[in-house]
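Heads up: the sequence shown at position 42 corresponds to 42 in the working numbering, and the numbers run straight through without jumps.
Virtual Cβ for every residue (Gly too), placed ideally from N, Cα, C.
This one's a predicted model, so the numbers in the text were calculated from it and none came from an experiment.
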Amino acid sequence: MTPDTPIVQIRDIHKSFGRLEVLTGVSMDIARGEVVAIIGPSGSGKTTFLRCLNRLEPISAGEITFKGQLLERRVPGQPVFQLSGELLRRLRMDIGIVFQQFNLFPHLTVLDNITLAPINVRKVAKAEAEVKAQALLAKVGLADKAEYLPIQLSGGQQQRVAIARALAMNPDLMLFDEVTSALDPEMTAEVLDVIRALANEGMTMVVVTHEMGFARYVANRLVLMADGKIVEEGPPERVFDNPKNERTRVFLQAILHP
């Protein structure tokens, strides 16, 4: 894999749940250091797309490559391939994902939530994992919350802990799935500030979001999904100011001028 090779290569992926086709032929390359914001109406396949990227959901057709390693391929005329076992486990360690819900372990402290995976999965020494966790808590503005339980934190604070937990695994790619959808405006700003800082540091990210300001001013590329496919993509300024597709214009009009 050369430095110019996209970190993720997606070729014509489809995903069906029974008779319901959720993704209908999505293709995309993601470069190292790129921030891709995905917007679109509910039910357009955005979350399913993210879940396919790290094999939380198997695809029904198409091909996904991560860091030069084929993750999954279901292409007519070619053998079906699904990465499994130790290779899949190792590659998944390099893909962090943060969901709408925080999914913190309620009985563990913030520090223990963050160090659990590095210690047990990456086999990092406990002392080293705790030093890293404390640095990450400082990074997300929660240096004084290490010994708190999740229930003692606000929603925005819990989401920032969830981000720190994902970063503790030193991922090459971060996936964010509507991480501010359950938060009030002040808490939303806290979380977006953390993601914005990661973008400034060069973290490769795919962010499913309804936050149009973030999509416009932080992302390198804006992707609009609808009906299971990419309707339009390009630099955020161009997509916002001069959309080429009528579906894009209708969606942006509804979001920006309700």
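- Under the three-state reduction of DSSP, Arg32 is assigned to coil, being neither helix nor strand.
- The stretch 131 to 149 makes no contact with the stretch 11 to 20, as fewer than three CB pairs between them are under 8 Å.
- Taking 7 Å as the cut-off, the beta carbon of Val206 is found closer than this to the beta carbon of Leu175.
- Residue range Gly155 to Leu167 is occupied by the alpha helix (DSSP H) that includes Gln159, with no beta strand (DSSP E) assigned at that position.
- For Ile114 and Lys46, the gap between their C-alpha atoms comes out near 27 Å.
- Contiguous alpha helix (DSSP H) elements confined to the stretch 51 to 128 occur at 85 to 93 and 110 to 120, taking only those with 4 or more residues.
- Remark: C-beta atoms of Ile10 and Ile64 approach each other more closely than 7 Å.
- Val191: member of the alpha helix (DSSP H) spanning Pro185 to Asn200, first to last residue.
- Residue pairing for Ala226: DSSP places it in a beta bridge opposite Lys229.
- For Ala197, the closest C-alpha among the options Ile163, Met93, Arg90 and Gly234 is that of Ile163.
- For the options Gly228, Phe99 and Leu116, the alpha carbon positioned closest to that of Phe105 is the one of Leu116.
- Residue pairing for Leu142: DSSP places it in no beta bridge.
- Under the DSSP assignment, Leu149 falls outside any alpha helix (DSSP H); it carries neither an H nor an E label.
- Pairing Glu128 with Pro118, the inter-Cα distance amounts to about 9 Å.
- Shown here, Lys132 sits in a helix according to DSSP, grouped into three states.
- In this model, Asn220 and Leu87 are separated by some 30 Å (Cα to Cα).
- Residue state for Val218 is assigned as coil, using DSSP reduced to three classes.
- For Asp177, the uninterrupted beta strand (DSSP E) segment begins and ends at Leu173 to Asp177.
- C-alpha of Leu111 to C-alpha of Ala133: approximately 7 Å in a straight line.
- Residue environment: Thr5 is assigned as exposed (fewer than 16 neighbouring CB atoms within 10 Å of its CB, all protein chains considered).
- Residue state for Thr204 is assigned as strand, using DSSP reduced to three classes.
- Excluding five sequence positions before and after Gly155, the CB atoms of its chain that fall closer than 8 Å to its own CB belong to Phe102, Ala182, Leu183, Asp184 and Met187, given in chain order.
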